[in-house]
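First the structure, in the form of structure tokens, and then the observations on it.
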Amino acid sequence: DAKTTQPNSMESNEEEPVHLPCNHSTISGTDYIHWYRQLPSQGPEYVIHGLTSNVNNRMASLAIAEDRKSSTLILHRATLRDAAVYYCILRDVGRGAQKLVFGQGTRLTINP
Amino acid sequence: NAGVTQTPKFQVLKTGQSMTLQCAQDMNHEYMSWYRQDPGMGLRLIHYSVGAGITDQGEVPNGYNVSRSTTEDFPLRLLSAAPSQTSVYFCASSFSGLAGLRAEKETQYFGPGTRLLVL
């Protein structure tokens, strides 16, 4: 599985936008970029995913570089509830199975 | 829908004891999996199943057994517990196969976790 690199931690203020970066320089053509987050003492939850084009949903936006070697998860207006560990994961849909390989993720702290 | 449920929430075992962690889902998902998460670490895949009667090993399968007799249930058995198996265990489920950009098909749903302490 292709690897991703994320900063260990980031900090932001409530009601400000947050940009969480992810590098995936060895991404293959069939890898989808997934983001999950894990709130304290909970299981991970899906945030967003994409292939080549930028994606938006009610939780966040995903900006994908033109060469697909990096991506950025954007939380438009952070709240205290967004404090979590955010995981950037590549999933090879060519393999068919839904295996997710989790790295260390980025621990996001939101200041009131 | 109850989603993915796990029992028990917390368990203490002595070294050498066996136990079964239960996982159930009511979303008719073909794919189910078990992860473990050690303190300060990301999740690691133990076993997974793409449908009833089909299971396969993940990254860290040693010391664990699984079976999938129904679509709904995917129990994880610890054969002889060791302190190294102290961890939080998460079960997940999703649709299987190629889902592409459809979020409802790609999303994996995780249970609340079982915290296991082996003394």
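Line by line, the protein sequences are chains A and B. Per the numbering used here, residue 45 is the first one in the first sequence, and the count goes up by one each step. Per the numbering used here, residue 1254 is the first one in the second sequence, and the count goes up by one each step. Backbone N, C-alpha and C fix where the C-beta goes; we use that ideal spot for every residue, glycine too.
Does the contact criterion of 3 or more C-beta pairs under 8 Å hold for the segment 1286-1294 of chain B versus the segment 1338-1348 of chain B?
The segment 1286-1294 of chain B vs the segment 1338-1348 of chain B: in contact.
What distance in whole Å lies between the Cβ atoms of PRO1336 (chain B) and VAL1303 (chain B), which are believed to be in contact at a cut-off of 8 Å?
Not really, about 32 Å apart at Cβ, beyond 8 Å.
Within the continuous beta strand (DSSP E) that includes PRO65 (chain A), where are the two ends?
That run of the beta strand (DSSP E) goes 62-67.
With a threshold of 9 Å between beta carbons, is SER85 (chain A) in contact with chain B?
Output row for SER85 (chain A): interface = yes.
What is the DSSP secondary structure of GLU89 (chain A), reduced to helix, strand or coil?
Note: GLU89 (chain A) maps to strand in three-state DSSP.
Determine, using beta carbons only, whether GLU1312 (chain B) and ARG135 (chain A) come nearer to each other than 9 Å.
No, Cβ-Cβ distance for GLU1312 (chain B) and ARG135 (chain A) is not below 9 Å.
Pick from A:ILE133, A:LEU119, A:PHE146, A:GLY147: whose alpha carbon is nearest that of GLU60 (chain A)?
For the residues A:ILE133, A:LEU119, A:PHE146, A:GLY147, the minimum Cα distance to GLU60 (chain A) belongs to A:LEU119.
Report back the beta-carbon spacing between ILE92 (chain A) and ALA107 (chain A) to the nearest angstrom; my notes put them in contact at under 8 Å.
Not confirmed; about 11 Å, so no contact.
Does the count of Cβ pairs from the segment 1320-1329 of chain B and the segment 1292-1311 of chain B closer than 8 Å reach three?
At 8 Å Cβ cutoff, the stretches touch.
Should GLY1269 (chain B) be labelled buried (16 or more other beta-carbon atoms within 10 Å of its own) or exposed?
That one is exposed.
Please check if any C-beta of chain A sits within less than 9 Å of the C-beta of ARG1321 (chain B).
Taking Cβ atoms only, chain A never reaches closer than 9 Å to ARG1321 (chain B), which makes this a no.
Name the chain A residues that come within less than 7 Å of GLN1361 (chain B), Cβ to Cβ?
Residues of chain A passing the Cβ test: TYR90, GLN142, LEU144.
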